[in-house]
């Protein structure tokens, strides 16, 4: 098909007509808990709605992909609607902790996943969507990856699919597919197919995509990867795009740069991300997530294949220069923490870098860690529980935005539970130039029963976002057991046992980090008191025959476990 305006070829998705528009506006979909305090069974964050049984079980994956974006004073997301049996654009309300289904459709293939990019200068939302597989291969046209472009209408708070879209941009399925836009307005995508790192780009306009090619780098062996490896792309420094990829064959991760002024086939020499300073040995797994800051630095949240308990399992690699030796990695969590599927977010306004990841490795809860951007060092341990539930115990695949965050946007992260098939999220405000809050004071612990301890404290700060509660059993180490929102000063621990000594401590948090700990409060729960049962009454004996006597009595007790019968012969 020819574009009558410029004579260029348009690549349309077979079987779909371009220009589909949807204008249905639906109501708000409320989260299970309200803003201010996560509630049982959600102990951190908020439980959203079910995405149903027909959708892929992990719609918030994959690792380098982003499902959320910030535009026009609000967060938006690509979420699966069970009612529509398709992905739709949703708007998020931070006050209600709720999602509004705008009715604008994206992909109706239930086994697909997406990556989204909001481009403010053009007013366009770009979405690339692919049928998911862990073994990317060429396939039938219905399963080719698709590129959608939407125009935003601020007056109606609505996105409209542009004429001619979606367009086909690959010839197969993929584990992950990501998009970036360079300073010359060229769009790029990367993915892995047939054991090779692939790249494609636009030519004359957003509909004019060529045939995907192997990433054109001189170190060809570096792009020969396992079918389970992935790649990701980022625009950085105002004049470059870069592709990072895992290679489990070589146990290394790589990065290649394309300068916007060069021809699309011209790429700079391959750089090794890891092994290097901060990680040695088997430093590659198929977990990659990218961001870039205003200084042109590139940040890669990645997972290694190291297994010793003290080895770095999740790390943050930072490119602060060019060429060999420009990468340094910082441990985020060790193998004993079992973090997986990390993502990175940057808040340059408040000088913070955030890493969010799942623990355990097959799903569990989402944890958050942060560090100063100019002095990166992450505290040991799991981090702060950011999305956690007592009933949704397989939470995984945290996702957020390609954009950098600040005090205007706050921090929004979305995850899902592939067993209960629900979305969950958490949102945090990020105060401009925030300083850590003051430590809470006067922590007191009261054993209400053998299975419940109530905590109370004095909120000594005016700028906290919430509090983190930690507990130690006996002489053991402290670990986090829950969080509450700002201006909350009580918590009930309902996971205690009888006759056990527990110690508690609490600290406040905000965008700048954690306060010091409160005083430690120690309490011993009461032992279970067992009293002897009351004696039975009214015992009678009836001789039924020479070989049988029947006994009967009145049970005068409510706490007996059994009765013991005794006999004595006369004489």
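Residue numbers (our numbering): 7 to 577. We put the CB at the ideal spot given by N, CA and C, even for glycine.
Are residue 519 and residue 442 closer than 9 Å when you measure CB to CB? yes
One question on the structure: do residue 110 and residue 169 come within less than 9 Å of each other, judged by their Cβ atoms? no
Per DSSP, what kind of secondary structure is residue 342 in: helix, strand or coil? helix
Simplified DSSP state of residue 228, which is helix, strand or coil: helix
Am I right that residue 375 and residue 350 are in contact with their C-beta atoms under 8 Å? What's the rounded C-beta distance? Contact doesn't hold; Cβ gap of about 10 Å is too wide.
Do three or more CB pairs link the segment 419–427 to the segment 51–66 at distances below 8 Å? yes
If residue 499 sits next to residue 487, beta carbons under 8 Å apart, how far is it from one beta carbon to the other, in whole angstroms? 6 Å
Put residue 128 into one of helix, strand or coil per three-state DSSP. coil
Residue 465 to residue 312 span [Cα, whole Å]: 42 Å
At what residue ranges does the segment 370–425 contain a whole run of the beta strand (DSSP E), taking only runs of 3 or more? 371–378, 390–395, 401–405, 417–423
For residue 189, which residues of its own chain have a beta-carbon under 8 Å away from its beta-carbon, when the five flanking residues on both sides are left out? 241, 244, 245, 266
DSSP bridge partner residues for residue 138 (one or two, in chain order): 180
Could you tell me whether the segment 540–556 touches the segment 494–509, where touching means 3 or more Cβ pairs closer than 8 Å? no
Give me, in chain order, the residues of the same chain whose beta-carbon lies closer than 7 Å to that of residue 47; leave out the 5 immediate sequence neighbours on both sides. 395, 396, 397
Mapping DSSP to helix, strand and coil, what is residue 261? strand
6 Å Cβ shell around residue 30 - same chain, five flanking residues per side excluded: Legend: pLDDT at residue 30 = 40, less than 50; position of this residue unreliable, no value from coordinates given.
Here's the rule: buried if 16 or more other CB atoms are within 10 angstroms of the residue's CB, otherwise exposed. What is residue 164? buried
Measure the alpha-carbon distance for residue 96 versus residue 201 and round it to whole angstroms. 35 Å
Look at the alpha carbon of residue 514 and the alpha carbon of residue 523, and state the distance between them as a whole number of angstroms. 8 Å
What are the start and end residues of the beta strand (DSSP E) that includes residue 107? 104–111
Bounding residues of the beta strand (DSSP E) (the contiguous stretch that carries residue 597): No answer is possible for residue 597: the residues shown for the chain start at 7 and end at 577.
Roughly how many angstroms lie between the CA atoms of residue 559 and residue 503, to the nearest whole one? 37 Å
Span separating the alpha-carbon of residue 160 from that of residue 333: 41 Å
Pick helix, strand or coil for residue 498, following the three-state DSSP scheme. strand
What residue range is occupied by the uninterrupted beta strand (DSSP E) comprising residue 556? 554–560
Leaving out five residues before and five after residue 221 in sequence, what residues of the same chain have Cβ atoms less than 6 Å from its Cβ? 203, 205, 229
Suppose you measure from the CA of residue 505 to the CA of residue 184; what does that come to, to the nearest Å? 54 Å
Pairwise C-alpha distance: residue 125 and residue 79: 15 Å
Under a three-way DSSP split, which group does residue 149 fall into? helix
Closer than 6 Å by C-beta to residue 207: which residues in its own chain qualify, once you throw out the five before and the five after it? Chain order, please. 192, 194, 270
Quick one: Cα of residue 578 to Cα of residue 236, how far? Shown here, the chain extends from 7 to 577; a query on residue 578 therefore has no answer.
Where does residue 240 sit, in a helix, a strand or coil, going by DSSP? strand
Which of the three DSSP states is assigned to residue 165 in this structure? strand
Going by other Cβ atoms of all chains shown within 10 Å of its Cβ, with 16 needed for buried, is residue 70 buried or exposed? buried
Nearest to residue 316 by CA position, among 268, 91, 342, is which residue? 342
Terminal residues of the continuous beta strand (DSSP E) containing residue 523? That residue, residue 523, is in no beta strand (DSSP E); it is neither H nor E in DSSP.
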